[in-house]
Structures are given as structure tokens and as C-alpha cells.
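**Student:** Chains as they are written, first to last, in our numbering: chain A, 1 to 489; chain B, 1 to 489.
Pasting in a structure now, in C-alpha cells, and then I'll have a few things to ask.
Number of protein chains: 2
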Amino acid sequence: MSKAKGKPNAMTPSSSLAGSAMPSRLAIDHVEPEIDEGLSAIKRVAGEEVRVFANIYPDGHDLIGAALCFRHASEEDWHEVPMQPLGNDRWVGTFVVKSLGSYFYTLRAWVDRYASWRGDFAKKVQAGRQVDVDLLVGVGLIEQAAKRADGQAGERLADWARDIRALSKTNLADALKLADDDFLVGLASRHADRRSTTMYRKELEVIVDRRKARFSAWYEMFPRSASPEPGRRGTVKDVEARLPYVAGMGFDVLYLPPIHPIGRSVRKGKNNNPHSGPDDIGSPWAIGSEEGGHKSIDPRLGTLEDFRRLVAKTQEHNMEIALDIAFQCTPDHPYVKEHPEWFRWRPDGTVQCAENPPKVYQDIFPIEFENENWQQLWEELKSVVLFWAEQGVRIFRVDNPHTKPFAFWEWLIREVKAQYPETIFLAEAFTRPNVMYRLAKLGFTQSYTYFAWRNTKWDLTQYFTELTQTEVREYFRPSLWPNTPDILT
Amino acid sequence: MSKAKGKPNAMTPSSSLAGSAMPSRLAIDHVEPEIDEGLSAIKRVAGEEVRVFANIYPDGHDLIGAALCFRHASEEDWHEVPMQPLGNDRWVGTFVVKSLGSYFYTLRAWVDRYASWRGDFAKKVQAGRQVDVDLLVGVGLIEQAAKRADGQAGERLADWARDIRALSKTNLADALKLADDDFLVGLASRHADRRSTTMYRKELEVIVDRRKARFSAWYEMFPRSASPEPGRRGTVKDVEARLPYVAGMGFDVLYLPPIHPIGRSVRKGKNNNPHSGPDDIGSPWAIGSEEGGHKSIDPRLGTLEDFRRLVAKTQEHNMEIALDIAFQCTPDHPYVKEHPEWFRWRPDGTVQCAENPPKVYQDIFPIEFENENWQQLWEELKSVVLFWAEQGVRIFRVDNPHTKPFAFWEWLIREVKAQYPETIFLAEAFTRPNVMYRLAKLGFTQSYTYFAWRNTKWDLTQYFTELTQTEVREYFRPSLWPNTPDILT
């Protein structure tokens with residue numbers, strides 16, 4: 001006997017039919033777009049269309065009607081637009097997303113008895129068959145539609161049925177013509193019997209972002225290098241002075257690598273030297289010192305006040321600041337003392353540093369996500385993103401997201417966008433294709449690509465065909481960096 | 001706020017993490033074969049392989065292990081076979097189905113900490129790094145594996161850990177070599193930490209049929225035409241006499257069109273004449289008279305006893321009888337009086353006959369499946385199939401299945417196969433491709449095809465590519481009739 005666990009829609013053998021509802025006569029399948037069975041959302045920007053295709057078909061030869069249903073997550077009721085048949089049981093319908101956040105869409109279909117009757121009836125008339133009883137069948141269907149319709153529509157349908165019935169006794173030709181009236185046929189169709197309507201078994205999600213999610217031009221700048229005077233370290237204020245220069249080139253995003261305090265105890269020197277001198281300033285990605293962690297600004301770069309002012313000034317130049325989210329710590333980061341359980345300890349009592357053998361990053365402790373206190377860790381990291389969102393930042397470039405759990409990002413991005421739906425997350429993942437696509441599916445707004453390594457015509461054609469002509473285009477927004485601080489092909 | 005109805009796997013925003021289990025680090029997707037999200041089963045015959053592919057990948061760079069799990073529906077516990085990586089996160093595993101009925105399969109994957117450690121460790125050794133602490137990390141992992149393993153395996157692993165630890169203090173080179181022992185590495189892998197094992201979220205079904213479901217050669221014979229004497233009507237006994245002739249040509253299925261009593265009151269004459277004379281015998285598909293319905297044999301063809309004898313004799317010739325299931329009635333069928341609600345009545349008090357405008361089949365009443373008493377109808381029709389199964393018939397050619405509800409066939413075929421898993425149902429549907437494929441997906445064992453109309457090389461190449469090179473091959477078994485009694489191209 002089958003357990004039928006894998007078959008939620010199938011009746012279990014030996015189950016009694018008594019008391020069960022009459023199953024649907026319609027199948028709805030091969031819905032597009034639909035990513036991973038609807039477990040992942042598709043993406044759009046406000047004002048764009050969502051065009052939905054599906055195979056919709058009943059048993060037998062009846063004609064059917066179908067509608068595309070959609071609603072914003074904030075709405076309870078569905079909007080409904082009629083779908084059009086494309087032939088071979090394929091249907092299409094379209095709606096436009098207007099507000100940020102999530103929309104849902106699904107499909108409805110039903111047997112259209114009047115349209116089915118009308119199709120068969122026309123063939124019988126053409127074949128010269130006696131049709132007086134058939135005409136009464138059609139009149140009966142119109143009368144049923146009249147009962148379902150409200151007010152004026154109901155009256156129109158009732159009048160129509162009465163007129164056909166009367167004419168059929170005196171002038172069959174005129175009755176036939178009247179039964180075929182386009183306006184009234186449409187009215188009957190709109191009031192078709194929906195009792196046996198089949199609803200598609202899933203609600204599919206669209207995540208709607210703002211326009212910049214789809215296209216933006218990023219300029220990367222290290223604040224410490226923004227000084228106009230050789231020999232003096234740059235500051236956030238120096239960045240402010242460079243805004244007209246960057247905006248003048250047409251960029252609309254100014255991206256700053258991490259601006260937090262840099263670790264001291266195992267700071268690296270020049271050219272990856274594991275020992276630093278007193279003037280070495282270390283890597284901005286070596287985050288955390290006695291001066292603070294991910295919610296602090298390196299005092300050498302300025303104050304939080306300076307930073308908020310930079311955010312505002314950047315907007316005056318029609319640009320936005322993008323910040324770097326790099327969830328990793330130096331040995332001096334406050335987290336290491338406060339939450340030793342968030343790091344991986346070795347048998348000799350040291351913490352495992354970041355490695356990509358044979359490369360070693362002695363100045364960086366990766367966070368151990370598989371720890372007993374993971375819930376508190378996730379909440380703390382979320383608070384980091386929200387902290388910078390509260391300073392006015394709405395774009396985050398996420399460093400190495402593929403070395404943290406998928407579920408963490410899915411949760412974090414949803415949480416942040418629930419408060420700030422206009423937030424953009426760019427995934428800095430150069431890794432295996434499945435992993436890059438998974439990060440986009442779970443919520444990243446934009447994604448780094450292999451563009452830097454696709455340099456011939458053939459390479460580019462292949463890659464852009466994949467990005468634009470397959471279902472990838474529904475959820476993966478490619479960000480085309482020709483180079484980065486550590487990649488120059 | 002999202003309702004997240006369409007996102008069963010996503011955490012709802014603002015949900016608290018407290019108390020929830022640590023989410024999986026692994027993704028499993030793009031499983032093949034998997035038909036319509038696993039709502040439809042794939043098909044095999046006993047002794048065949050099921051080869052399963054999937055994308056399986058964790059975040060980060062850890063190595064993983066994966067297994068294909070399968071069980072017959074009658075079994076509680078899973079069998080497990082290791083999967084092999086094919087590159088680019090694609091994995092494959094294979095199992096063989098041996099018994100008739102349903103099998104289920106699913107996938108498991110886990111992070112293999114020892115294999116991950118070993119891979120990184122080898123790179124560090126190669127780079128000439130100091131590895132004594134790293135070696136102790138590996139020893140720790142072996143010790144954990146030893147605790148998970150039973151009896152001898154546990155002892156072997158514990159010994160191994162102790163030996164490496166001891167050697168590492170005296171002879172690091174030998175310790176390194178020992179840590180790389182292939183047999184022990186395999187043993188550690190088999191006892192990897194499965195606590196965080198990720199199970200694929202679905203159990204997929206395989207319907208296993210007997211060999212004849214995959215290939216058979218059908219011979220169609222009208223018993224009334226089986227008489228050796230011109231002018232005398234043939235009988236079931238005459239069919240028996242023809243068995244050596246049919247078997248001699250190499251056929252293994254002898255298919256009989258309906259053998260039930262034929263309606264009398266509106267019997268058709270020759271050449272579709274709506275009026276019959278006293279010697280006209282009518283269409284075998286016009287089922288039902290005062291002499292009985294779908295569970296009776298036309299007395300002119302013989303008795304049930306004759307029929308059972310034919311079934312047995314056919315087996316002696318290494319053939320099987322296939323019967324026709326045509327769920328439709330003449331006006332004289334007992335069902336019309338006993339269950340008037342199973343037919344569609346017209347405003348003039350007559351029953352709607354079968355039509356495919358402009359064609360009319362006055363001698364046939366289609367069954368109205370959308371009636372209030374549908375449960376009783378379904379049970380009665382099931383009892384028809386079971387009746388003939390009890391007479392020894394295990395192959396049914398189903399007439400026009402596409403004009404009856406999909407859910408009806410899905411239910412009926414499961415019910416019959418639960419009692420007689422060796423039963424074969426051939427769908428006689430020449431209709432739209434989606435409908436033909438849907439019937440195969442819901443359970444039909446074999447299907448008529450467009451073969452009769454595919455006559456050029458290009459046609460045949462296209463069609464057989466579709467049937468054999470796409471997912472269609474997993475559930476649709478093409479039956480290649482070059483012609484039928486009413487189709488000759």
C-alpha cells in the first residue's frame with residue numbers, strides 16, 4: 001500500500017470517496033515564470049510587467065475561461081485579469097507591479113458552459129441539423145448566468161434569454177442570430193458558473209524593487225585614499241569633497257569598503273607581510289579593534305556625524321552611498337571577548353583564522369555560524385545592517401556571502417526589507433554557478449558575475465545568453481564589474 | 001508584511017528565531033527525474049534502473065557526502081546508496097527496482113568534516129606550513145567518528161586516532177601518511193556527523209510495472225468476425241481456434257473490442273445508417289441492452305465460462321487477452337433506468353447523445369460525470385474493471401479516456417493496481433498533447449500516439465526525439481499503432 005507521501009494531490013488507494021468534493025476537471029501546469037516550484041520569488045522593479053504563461057486544459061472538448069490573479073502582500077483580495085489562449089492549451093496574462101515589496105500571483109480557470117455550447121451549436125447549425133432543443137439548452141444556460149449576475153447585467157441576460165426563447169417559436173433564424181450577439185456572449189462568459197473554478201495550487205511571489213536595483217553605475221573609493229595631499233591620510237570629509245568629481249563621470253552609487261576600526265594585534269604589513277610596523281594601517285576588511293566593531297567608524301576616518309553628512313551630500317549629487325558588509329573579525333574585535341562561542345577554537349586554545357589553503361589570513365577570524373548560540377549571532381548581525389540603514393544607507397555590498405549559511409541571508413534580507421523595502425543587497429560572490437544563483441534566489445538584489453573573465457566574443461555571447469534568455473533573468477540581476485581591488489583580468 | 005503563503009520554506013519576516021532548529025547549510029535542487037514537482041510518478045519495469053541526478057551544494061568550501069534513498073511502498077525503512085559527484089555540484093546515484101507497485105526515492109546530504117579537513121590539510125602540507133595543530137584537529141574529528149561508529153568500526157577509528165596522535169609527537173611524516181590511509185578515510189566518511197543531514201523535501205514516486213508494460217505487440221480481433229464459415233457469426237470459441245494463428249505471427253496481446261450486449265432500440269445500420277434492419281448487429285461500442293451491461297457478455301458471442309476458458313487458452317499460447325473499457329451506454333443499458341442522474345437530460349425530456357459536431361452518435365449516451373451522485377458512479381465503474389480482472393484479464397484498452405475526468409482515472413487506476421499491480425492500462429486518446437501526457441502522468445501504463453500520422457523522416461525524427469530525449473520518456477510509454485478500425489493514414 002502506498003504511503004503517497006510524495007503525492008499530496010493524489011487520492012490514497014482504498015480511500016472512500018464518500019463526502020469528498022467533486023475533483024476539478026482542469027489541469028494547470030508548466031507555469032512560467034515559476035522558480036524552483038515557487039519556493040523562490042521572481043524580481044521586478046516598480047512599473048514593470050509580469051507576464052505569466054501556463055498550460056490550462058480540461059478533459060474533453062469543453063471551452064474554458066482563465067484569469068490571472070494578483071495582489072500586493074498588503075492586500076487581502078485578488079485583482080483579476082483575463083488570460084488569453086495562445087493555442088495548444090497555452091494561456092497568457094499580464095499585470096503591472098506598482099509598489100515596492102512583495103506581490104503574489106496565481107491562476108484561476110473554469111469550464112465555460114455557454115461558450116462550449118455556442119461552439120457546438122454553431123457547428124450544428126452549419127451542418128443543417130435540427131437545433132430547436134439545442135437552442136433551449138443554450139437559453140437555459142443564459143438563464144442560469146442571469147441568476148448569478150447582479151443588477152443590470154442580470155436583467156440584460158434575463159431579457160436576452162426571454163427574447164431568444166420567444167423568437168425560437170416564430171423565427172428560428174433570428175433566434176440563432178440573437179444567441180450569437182457578441183456583447184451578450186461576453187456578458188454570459190463573465191458570469192460563467194465559477195462553482196467548479198480550479199485555483200492553481202500555489203501563490204507565486206514577485207519581489208518588487210526600485211529602479212536602481214535594475215541598473216546602477218558604481219564607483220569604488222577607499223576614504224583613506226581620498227586625501228588631496230600626498231602623505232596625509234584621507235577622511236570621510238575628503239570623500240565629500242570628491243563627490244562632484246565622481247558624479248561628474250555619471251556614477252550613481254559611491255561604494256566605500258569597510259570604514260570600521262582596523263585590528264591592531266595581528267595587523268598585516270605591506271604586500272601581505274604578516275608583521276606590521278607602527279605606520280602600517282592594515283586591511284579595511286580586518287574589522288574590529290578596541291575602538292569598536294561593525295557599528296563603529298574608524299576614528300581616523302571621521303565621526304558618525306561626518307558619515308551622516310556624507311550620506312546626505314551624496315544624495316544632493318543624485319548618488320547614493322553603498323557600504324560594505326563583511327561579517328568577519330580581527331582578534332581584537334569586541335565580539336571575540338563577548339562571544340567566544342561565535343568562533344572556532346583549535347586544540348591549542350587559539351582561534352581558527354581565515355584560510356583558503358595555501359593562503360592564510362592571520363588578521364581575520366571567520367565567524368563560526370554553526371554554534372550553539374546562533375540565534376543571538378544572527379540577531380546581532382541583523383542589527384549591524386539596521387544600524388547603517390538608520391544612518392540613511394540603502395545599498396549594501398555583501399562581502400563573501402557564499403561562506404555564510406544560505407538561510408541566514410534569506411532571513412536577514414527579508415527582515416531588513418520588511419522595514420526598508422528600498423534596500424539593495426549586492427552579492428560579492430565569485431564562486432560556483434549554483435551557489436551564485438542560489439544567493440540571488442534567496443533574496444540578493446544584484447549579483448557579481450563572471451563578466452571580468454568573459455573576454456572573447458564567444459564567451460560574452462554564451463554568458464549573456466544564459467543571463468538573459470533563460471529563467472535566470474527572472475531572479476539574477478547581473479552587476480558587471482570589469483575589475484575589483486583584487487581582480488584584474 | 002508578506003503572507004509568505006507561496007514560500008513554505010522561507011521564514012516569515014519578524015518571526016523570532018528563538019527555539020527554532022539551526023537551518024540546513026545544504027541546498028538540493030534540480031532533481032531529475034522529477035515530474036511536475038513530484039506530483040506525478042515516473043515509470044519503470046521490474047529490473048530496471050532509476051538513475052537520479054541532483055544539484056547538491058553547501059555554502060562555503062566544505063566537502064559534502066550525499067546518498068540516494070529508496071524504498072518499496074511496502075517498506076518502512078530507506079535503503080541508501082552513495083551518490084557520486086559529477087562536477088559543478090551535480091551528483092548522481094542509481095538504484096534498481098525489483099518488485100511491482102510503487103517505490104519512493106529521496107536524497108540526503110551532509111557536510112563531511114573529515115573529508116573537508118583532509119582536503120585543506122593536504123594543501124597546507126604541500127605548502128610547507130606548520131601543521132601540528134591542524135593534525136590534532138583531524139584527530140579530534142576521527143575521535144568523534146569513533147564515538148558514532150559501532151563495534152569494530154568504532155575500535156578501528158579509535159585506534160587510528162590514537163596512533164596518529166602518538167606518531168605526531170615522534171614522527172610527523174609518518175603521522176601525516178597515516179592520516180591519509182584510504183580505508184580509514186572511507187570509514188571516517190561513512191561515520192560522518194549526520195546530525196545536520198539535509199533531507200530533500202519530497203519523496204518521489206516510481207511506478208513499477210511488469211515487462212509487458214514496456215513492450216508488447218497487439219493483435220486486434222472482433223470475435224463476431226472470427227468465424228471460419230462465411231455467413232455465420234463468430235463467437236468466443238472461434239477466437240480460441242484462431243489463437244495458434246495469432247501467436248504464430250509473434251503477437252503477445254490479443255485485444256478484443258467490447259464483447260457486451262449491444263443496444264437494440266436505436267441500433268445503427270450499415271455505413272452509419274441511423275436505422276437498422278432486423279439483421280443488423282450494431283456497433284460493439286454501443287454497450288448495453290436488456291441482456292446486460294458492462295459486466296455481461298453478448299450471448300451471441302458465448303458465455304462467461306467460454307470467456308474464462310479463452311483467457312486461459314490465450315496464456316497457453318504465451319499471449320494475454322486485452323479487453324476494451326468503453327464507459328458509455330446505449331439507451332437500453334440498465335444504468336439508464338437505474339441511474340438516470342448519470343446522464344445529461346435535455347429540455348425536451350430526452351437524454352443528450354454523444355456528439356462531436358457535426359458527427360452524431362444516436363446509439364450512444366455519454367456518461368455525465370458531473371452529477372450529484374458521482375461517488376456511486378465512480379465506484380460502479382471501478383467494479384466493472386475489477387469484474388474483468390477477476391475473470392483473469394490484466395490488460396485494458398481504455399476507449400476515449402480524455403472525455404472523462406482526469407481525477408477519475410487517477411483514482412481508478414490506483415485502486416485497481418492496489419489489488420492487481422500487474423494490470424496494464426492503455427489510453428486510447430488521440431487528442432491535444434498536454435491531455436495525452438496528463439493521462440500518462442496520472443497513471444496510464446501505455447498510450448496511443450500520433451505515430452499513425454507521422455509518416456516522413458523529418459516527422460518521425462522530431463516525434464521520437466520528443467518521446468525519447470525529453471522528460472516525456474519517464475512517464476509516457478508510446479504504443480505505436482499504425483492503424484485502428486477507424487484510422488488508416
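A virtual CB, placed ideally from N, CA and C, is assigned to each residue, including glycine.
Going along the segment 14–37 of chain B in order, which residues come within less than 9 angstroms of chain A, judged by CB to CB distance?
**Tutor:** Listed by position, the residues of the segment 14–37 of chain B near chain A (Cβ gap below 9 angstroms) are S14, S15, S16, L17, A18, G19, S20, M22, P23, S24, R25, L26, A27, D29, H30, D36, E37.
**Student:** Which runs of the beta strand (DSSP E), 3 residues or longer, sit entirely within the segment 91–148 of chain A?
**Tutor:** DSSP runs (the beta strand (DSSP E)) wholly in the segment 91–148 of chain A: 101–111.
**Student:** Go ahead and pull the three-state DSSP assignment for A:F251.
**Tutor:** Here the question's residue 251 of chain A lines up with position 251 in the first sequence. The answer is coil: DSSP assigns A:F251 none of H, G, I, E or B.
**Student:** Round the Cβ separation of A:V96 and A:Q84 to the nearest angstrom and send it over; I've been treating them as touching at under 8 angstroms.
**Tutor:** As a working mapping, residue 96 of chain A is identified with position 96 in the first sequence. As a working mapping, residue 84 of chain A is identified with position 84 in the first sequence. Actually they are not in contact, since the Cβ atoms of A:V96 and A:Q84 sit about 16 angstroms apart, beyond 8 angstroms.
**Student:** Whole alpha helix (DSSP H) runs in the segment 276–353 of chain A with 4 or more residues, listed along the chain?
**Tutor:** DSSP runs (the alpha helix (DSSP H)) wholly in the segment 276–353 of chain A: 304–316, 334–338.
**Student:** Is B:M199 helix, strand or coil by DSSP?
**Tutor:** Position 199 of the second sequence, counted from the start, is the residue given in the question as residue 199 of chain B. Here B:M199 sits in strand by DSSP.
**Student:** Tell whether a beta-carbon distance below 8 angstroms holds between B:I364 and B:L301.
**Tutor:** Taking the second sequence and counting its residues from 1, one reaches residue 364 of chain B at position 364. Taking the second sequence and counting its residues from 1, one reaches residue 301 of chain B at position 301. In this structure, B:L301 does not lie closer than 8 angstroms to B:I364 by Cβ.
**Student:** Check each candidate in B:W409, B:R394, B:G392 and name the one with the smallest Cα separation from B:N400.
**Tutor:** Residue mapping note: residue 400 of chain B aligns to position 400 of the second sequence, counting from 1. Considering only alpha carbons, the answer is B:W409.
**Student:** Output needed for B:P284: all residues of its chain with C-beta closer than 6 angstroms, excluding positions within five of it in sequence on either side, in chain order.
**Tutor:** Numbered from 1 along the second sequence, position 284 holds the residue referred to as residue 284 of chain B. Here the set comprises P257, P258.
**Student:** Where does A:V31 land, buried or exposed, given buried means 16+ other C-beta within 10 angstroms?
**Tutor:** Mapped onto the first sequence, residue 31 of chain A falls at position 31. By the neighbour-count rule (16 or more Cβ atoms within 10 Å), A:V31 is buried.
**Student:** Who are B:Y448's beta bridge partners in DSSP?
**Tutor:** If you number the second sequence from 1, residue 448 of chain B lands on position 448. Bridge partners of B:Y448: B:S479.
**Student:** Just curious, the beta strand (DSSP E) that A:K43 is in, first and last residue?
**Tutor:** Within the first sequence, residue 43 of chain A is the residue found at index 43, counting from 1. Its beta strand (DSSP E) spans residues 42–45.
**Student:** Using a beta-carbon distance below 8 angstroms, is A:Y420 in contact with chain B?
**Tutor:** Position 420 of the first sequence, counted from the start, is the residue given in the question as residue 420 of chain A. For A:Y420, the answer is no, since every Cβ of chain B falls outside 8 angstroms of its Cβ.
**Student:** Which class does A:W218 belong to by DSSP, given the choice of helix, strand or coil?
**Tutor:** Position 218 of the first sequence, counted from the start, is the residue given in the question as residue 218 of chain A. DSSP places A:W218 in strand when its eight states are reduced to three.
**Student:** Using a threshold of 8 angstroms, state whether the C-beta atoms of B:I424 and B:T456 are closer than that.
**Tutor:** One-based indexing of the second sequence puts residue 424 of chain B at position 424. One-based indexing of the second sequence puts residue 456 of chain B at position 456. The answer is no: Cβ separation not under 8 angstroms.
**Student:** What residues from the segment 180–208 of chain B come within 8 angstroms of chain A, judged by C-beta to C-beta, listed N to C?
**Tutor:** Of all residues in the segment 180–208 of chain B, S196, K202, E203, L204, E205 have a Cβ within less than 8 angstroms of some Cβ in chain A.
**Student:** Compute the beta-carbon to beta-carbon distance between A:D59 and B:F406, rounded to the nearest angstrom, for a pair I have assumed lies under 8 angstroms.
**Tutor:** For this step, residue 59 of chain A is matched to residue 59 along the first sequence. For this step, residue 406 of chain B is matched to residue 406 along the second sequence. So it is a contact: roughly 6 angstroms between Cβ atoms.
**Student:** Whole-angstrom Cβ separation of A:G65 and A:A192, contact assumed at under 8 angstroms?
**Tutor:** Within the first sequence, residue 65 of chain A is the residue found at index 65, counting from 1. Within the first sequence, residue 192 of chain A is the residue found at index 192, counting from 1. Confirmed, about 6 angstroms.
**Student:** For the beta strand (DSSP E) containing A:F369, list its first residue and its last residue.
**Tutor:** To locate residue 369 of chain A, count along the first sequence from 1; it is residue 369. From DSSP, A:F369 is part of no beta strand (DSSP E); its letter is neither H nor E.
**Student:** Name the residue from B:I262, B:I281, B:S265 whose alpha carbon lies nearest to the alpha carbon of B:N271.
**Tutor:** Position 271 of the second sequence, counted from the first residue, corresponds to residue 271 of chain B. Checked all of B:I262, B:I281, B:S265; the closest Cα to B:N271 is B:I281.
**Student:** Closer than 7 angstroms between beta carbons: that is the criterion. Which residues of the segment 472–487 of chain A meet it against chain B?
**Tutor:** Here the close residues number zero.
**Student:** Kindly indicate the opening and closing residues of the alpha helix (DSSP H) around B:G154.
**Tutor:** Counting from one through the second sequence, the residue named residue 154 of chain B turns up at place 154. Note, B:G154: alpha helix (DSSP H), 151–170.
**Student:** Scan the segment 364–420 of chain A and note each continuous beta strand (DSSP E) run of 3 residues or more that stays entirely inside, going in chain order.
**Tutor:** Correct list: 395–399.
**Student:** Flag this pair as touching only if the segment 147–154 of chain A and the segment 227–236 of chain A have three or more C-beta atom pairs under 8 angstroms; answer yes or no.
**Tutor:** They do not touch, by the three-pair rule.
**Student:** Please confirm whether A:Y57 has its beta-carbon closer than 8 angstroms to some beta-carbon of chain B.
**Tutor:** Locating residue 57 of chain A in the first sequence gives position 57, counting from the first residue. At least one chain B Cβ lies under 8 angstroms of A:Y57.
**Student:** Considering only the alpha carbon of each residue, which of B:R108, B:F183, B:A166, B:I142 lies closest to B:Y200?
**Tutor:** Here residue 200 of chain B is taken as the residue at index 200 of the second sequence, counted from 1. For the residues B:R108, B:F183, B:A166, B:I142, the minimum Cα distance to B:Y200 belongs to B:R108.
**Student:** DSSP three-state call for B:K3: helix, strand or coil?
**Tutor:** For the purposes of this step, residue 3 of chain B is taken as the residue at position 3 of the second sequence. Annotation note: pLDDT 38 at B:K3 (below 50); position unreliable, coordinate value reported separately. B:K3 falls in the coil class under three-state DSSP.
**Student:** Listing by chain order, which chain A residues have their CB less than 9 angstroms from the CB of B:L136?
**Tutor:** Counting from 1 along the second sequence, the entry for residue 136 of chain B is found at position 136. The contacting residues are R346, P347, D348.
**Student:** Are the Cβ atoms of B:S40 and B:Y475 separated by less than 8 angstroms?
**Tutor:** Locating residue 40 of chain B in the second sequence gives position 40, counting from the first residue. Locating residue 475 of chain B in the second sequence gives position 475, counting from the first residue. Closer than 8 angstroms, so yes.
**Student:** Within a Cβ cutoff of 6 angstroms, which residues of the same chain sit near B:T235, ignoring the five residues on either side of it in sequence?
**Tutor:** The residue you call residue 235 of chain B lines up with position 235 of the second sequence. Answer for B:T235: L301, G302, listed in chain order.
**Student:** For B:E80, report the span of its beta strand (DSSP E) as first-last.
**Tutor:** Translated into the one-based positions of the second sequence, residue 80 of chain B becomes position 80. 79–82 is the span of the beta strand (DSSP E), which, as asked, contains B:E80.
**Student:** Would you mind reading off the limits of the beta strand (DSSP E) that contains B:A66?
**Tutor:** Indexing the second sequence from 1 puts residue 66 of chain B at position 66. It spans 64–72 - the beta strand (DSSP E) in which B:A66 sits, taken as one unbroken run.
**Student:** Residues of chain A with CB closer than 8 angstroms to the CB of B:N88, please, in chain order.
**Tutor:** By 1-based counting over the second sequence, the position of residue 88 of chain B is 88. What B:N88 touches in chain A: R432, P433, N434.
**Student:** Quick check: A:T330 and A:A389, are their CB atoms within less than 8 angstroms of each other?
**Tutor:** Counting from one through the first sequence, the residue named residue 330 of chain A turns up at place 330. Counting from one through the first sequence, the residue named residue 389 of chain A turns up at place 389. No.
**Student:** Would you mind telling me which residues of chain A sit closer than 8 angstroms to B:V133, beta carbon to beta carbon, in chain order?
**Tutor:** Indexing the second sequence from 1 puts residue 133 of chain B at position 133. Per Cβ cutoff of 8 angstroms: R346, P347, D348, T350.
**Student:** Quick one: residues in its chain with C-beta nearer than 6 angstroms to the C-beta of B:W218, no 5 flanking neighbours on either side, listed in chain order?
**Tutor:** Indexing the second sequence from 1 puts residue 218 of chain B at position 218. Result list for B:W218: V253, Y255, in chain order.
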